[in-house]
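There are 2 protein chains.
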Amino acid sequence: MSGLRERQKADRHRRIIDAATSLFRESGYEGAKIEAIAAQAEVSIGTIYNYYQNKGDILGAIVSMEVNEVLNAGRGVVASPPANVGDALDTLIGIYIEHSLNYLSKEMWRQAMAISTQLPDSPFGQAYTALDGALTDQIRALIARLQQIDLVRSDIDGPAVGELIFNNMNMMFIEFVKRDGARIPELRAAIRRQNRILVAAIGV
Amino acid sequence: MSGLRERQKADRHRRIIDAATSLFRESGYEGAKIEAIAAQAEVSIGTIYNYYQNKGDILGAIVSMEVNEVLNAGRGVVASPPANVGDALDTLIGIYIEHSLNYLSKEMWRQAMAISTQLPDSPFGQAYTALDGALTDQIRALIARLQQIDLVRSDIDGPAVGELIFNNMNMMFIEFVKRDGARIPELRAAIRRQNRILVAAIGV
DNA sequence: CAGAAAAGTTGAACCAATTCTAAAATTGAG
DNA sequence: CTCAATTTTAGAATTGGTTCAACTTTTCTG
Chain B
1 MSGLRERQKA
11 DRHRRIIDAA
21 TSLFRESGYE
31 GAKIEAIAAQ
41 AEVSIGTIYN
51 YYQNKGDILG
61 AIVSMEVNEV
71 LNAGRGVVAS
81 PPANVGDALD
91 TLIGIYIEHS
101 LNYLSKEMWR
111 QAMAISTQLP
121 DSPFGQAYTA
131 LDGALTDQIR
141 ALIARLQQID
151 LVRSDIDGPA
161 VGELIFNNMN
171 MMFIEFVKRD
181 GARIPELRAA
191 IRRQNRILVA
201 AIGV
Chain S
1 MSGLRERQKA
11 DRHRRIIDAA
21 TSLFRESGYE
31 GAKIEAIAAQ
41 AEVSIGTIYN
51 YYQNKGDILG
61 AIVSMEVNEV
71 LNAGRGVVAS
81 PPANVGDALD
91 TLIGIYIEHS
101 LNYLSKEMWR
111 QAMAISTQLP
121 DSPFGQAYTA
131 LDGALTDQIR
141 ALIARLQQID
151 LVRSDIDGPA
161 VGELIFNNMN
171 MMFIEFVKRD
181 GARIPELRAA
191 IRRQNRILVA
201 AIGV
């Protein structure tokens with residue numbers, strides 16, 4: 001086992017993702033025709049559908065990579081957070097937001113979000129929900145960490161606060177990608193302003 | 001002006017919406033073919049596209065009606081809210097949620113949300129964003145009202161709190177419609193739990 | 001190594017949304 | 001009342017994602 005066939009498979013996966021990434025960025029999600037992706041990946045249309053259930057799942061694979069990078073980058077902040085609650089949240093959220101447009105354009109984000117609500121049970125839909133869950137957990141972990149070092153009151157409902165912060169950030173991010181003109185600094189400022197209220201409520 | 005042609009136009013609009021509503025509920029958004037909607041509305045396919053830019057805009061018109069009803073129902077709560085912050089929020093949010101599945105199925109909501117992120121500049125996308133804005137404003141109005149009657153501290157950032165509450169509720173609602181098994185009481189309980197933190201922070 | 005089984009590939013055909021253009025209906029000026 | 005301009009309708013043609021049956025390639029068995 002794991003001979004030629006395995007290697008070819010991995011190679012085709014990579015070629016499809018590479019082709020899709022460049023075409024999505026170049027012509028947008030809708031503009032990138034499956035036929036063109038197949039041609040650039042040097043694979044037939046049928047093969048693409050053998051590897052991915054539908055066009056959305058190809059985008060899904062790209063989004064997954066991006067979000068996993070973001071999660072990784074966030075680990076450092078959770079491990080040793082800035083020494084006050086507001087800055088800690090702002091730093092973690094800053095990492096999420098600043099990394100978010102590295103590989104994915106706003107248009108790609110919009111499509112990804114749309115597909116994940118439209119088809120919550122498709123492979124991508126489930127993966128996207130899991131990624132949201134992982135981000136929520138990371139924010140919760142930060143809150144727990146801040147409780148450990150006595151920056152956050154130990155009697156507050158940490159999980160609920162974490163989810164509240166994530167949900168608000170996520171919704172703000174959704175609105176952000178919906179407006180092509182929206183800028184990152186303004187987004188971060190708006191979220192800071194909202195979080196200030198929570199910081200006041202949960203800080204020691 | 002405004003003779004036969006106007007009346008026919010209004011009539012066709014109504015017939016299309018009626019046909020679409022019943023077919024969407026019966027066969028789902030994807031299952032309801034434009035051809036079938038046209039047939040049931042006794043209109044041609046071309047006519048439908050003359051009245052609505054695309055299939056999504058038809059759904060959009062239905063969503064608009066639904067959300068406007070919800071907004072109307074909310075006015076009463078803002079005018080004379082329950083006498084404590086937690087109950088006031090719970091009542092308003094309760095109205096939103098309990099009314100939300102009257103005309104629209106979860107599947108229809110998923111489609112509507114997906115389209116509004118996918119095509120934020122289409123007529124429907126803009127209308128949907130405006131509706132979200134109206135709901136946010138209503139929650140903000142409730143906060144302002146509670147400040148007037150001294151249930152909420154006057155020095156808190158009302159608009160930011162209102163947006164935070166809306167964003168969290170909306171995100172919870174999105175996850176709710178994504179899971180066919182999710183139930184309204186659990187959704188409301190989860191939102192109450194999250195809002196409790198805010199209530200503690202802003203209450204007098 | 002030969003040949004059968006398993007796994008994967010291919011692209012033409014299918015389907016439903018959307019576009020397009022010729023035909024029909026309505027309006028308003030004279 | 002008539003007819004040219006304007007608006008609207010009809011439905012065939014187009015488009016692009018997805019499916020499927022026939023064909024290849026790889027792996028396994030004796």
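Chains as they are written, first to last, in the numbering used here: chain B, 1 to 204; chain S, 1 to 204. Think of the CB as a built atom: it goes at the ideal place given N, C-alpha and C, for glycine as much as any other residue.
Inter-residue distance for ARG196(B) and ARG75(S) is about 29 Å (C-alpha atoms, whole angstroms).
Using a Cβ distance threshold of 8 Å, GLY158(S) and ILE115(S) do not count as a contacting pair. The bridge partners DSSP lists for GLY203(B) are VAL152(B).
ILE95(B) sits away from PHE173(B), with the two beta carbons spaced by 8 Å or more. Contacts with chain S at 8 Å (Cβ-Cβ) do not include ASP150(B). Under a criterion of Cβ atoms nearer than 8 Å, the residues of chain B adjacent to ALA200(S) are, in order, ALA201. Annotated as distal: LEU23(S) and ILE45(S), with beta-carbon spacing of 8 Å or more. Here ASN167(S) is buried: its Cβ has 16 or more other Cβ atoms, across all protein chains shown, within 10 Å.
Less than 8 Å divides the Cβ of VAL63(B) from the Cβ of LEU104(B).
With contact defined as three or more Cβ pairs closer than 8 Å, the region 186-201 of chain S and the region 126-146 of chain B are not in contact. Under the three-state reduction of DSSP, GLY158(S) is assigned to helix. Cβ neighbours of LEU71(S) within its own chain (closer than 6 Å, five residues either side excluded): ALA134. ILE156(B) has a beta carbon lying within less than 8 Å of a beta carbon in chain S. Going by DSSP, ARG75(B) is part of the alpha helix (DSSP H) stretching over 55-79.
Taking 8 Å as the cut-off, the beta carbon of VAL204(S) is found no closer than this to the beta carbon of ARG145(S). Residue-level contact by beta carbon holds for LEU164(S) and chain B, with a gap shorter than 8 Å. A residue is called buried when at least 16 other Cβ atoms come within 10 angstroms of its Cβ; GLU66(B) meets this threshold and is buried. By the rule that beta-carbons nearer than 8 Å mark a contact, PRO123(B) does not touch chain S. Using a Cβ distance threshold of 8 Å, GLY162(S) and ILE191(S) do not count as a contacting pair. By the neighbour-count criterion, in which a residue is buried when 16 or more other Cβ atoms sit within 10 angstroms of its Cβ, ASN170(S) is buried.
Linking GLN111(S) to ASP18(B) through their CA atoms gives a straight-line distance of about 29 Å.
When CB distances to chain S are screened at a threshold of 9 Å, the residues of the region 170-185 of chain B falling below it are ASN170, MET171, MET172, ILE174, GLU175, VAL177, LYS178, ARG179 and ASP180, in chain order.
By the CB criterion at 8 Å, ALA73(B) and HIS99(B) fall inside the cutoff. A distance below 8 Å separates the beta carbons of LEU198(S) and ILE165(S). The beta carbon of MET108(B) does not come within 8 Å of any beta carbon belonging to chain S, so the residue lies off that interface. Between LEU92(S) and LEU142(S), the gap from beta carbon to beta carbon is short of 8 Å. Counting every other CB atom within 10 Å of its CB across the protein chains shown gives ASP11(S) a total below 16, marking it as exposed. LEU101(B) carries a coil assignment under DSSP once its states are collapsed to helix, strand and coil.
The C-beta distance from TYR49(S) to HIS13(S) rounds to 13 Å, too long to fall under 8 Å, and the pair is not in contact. With a cutoff of 8 Å on beta-carbon distance, ALA160(S) and GLN53(B) are scored as not near each other.
Neighbours of GLN111(B) across chain S, judged by C-beta separation under 9 Å: THR117 and GLN118. Under the 8 Å criterion on CB atoms, ILE58(S) is classed as non-interfacial with respect to chain B.
Apart from sequence neighbours up to five positions away, the residues of its chain that approach THR21(B) with a beta-carbon distance below 8 Å are ILE62 and TYR103, ordered along the chain. Note that the C-beta distance between THR117(B) and MET108(S) is not below 8 Å. In this structure, the beta-carbon distance from GLU42(S) to ARG25(S) does not fall below 8 Å.
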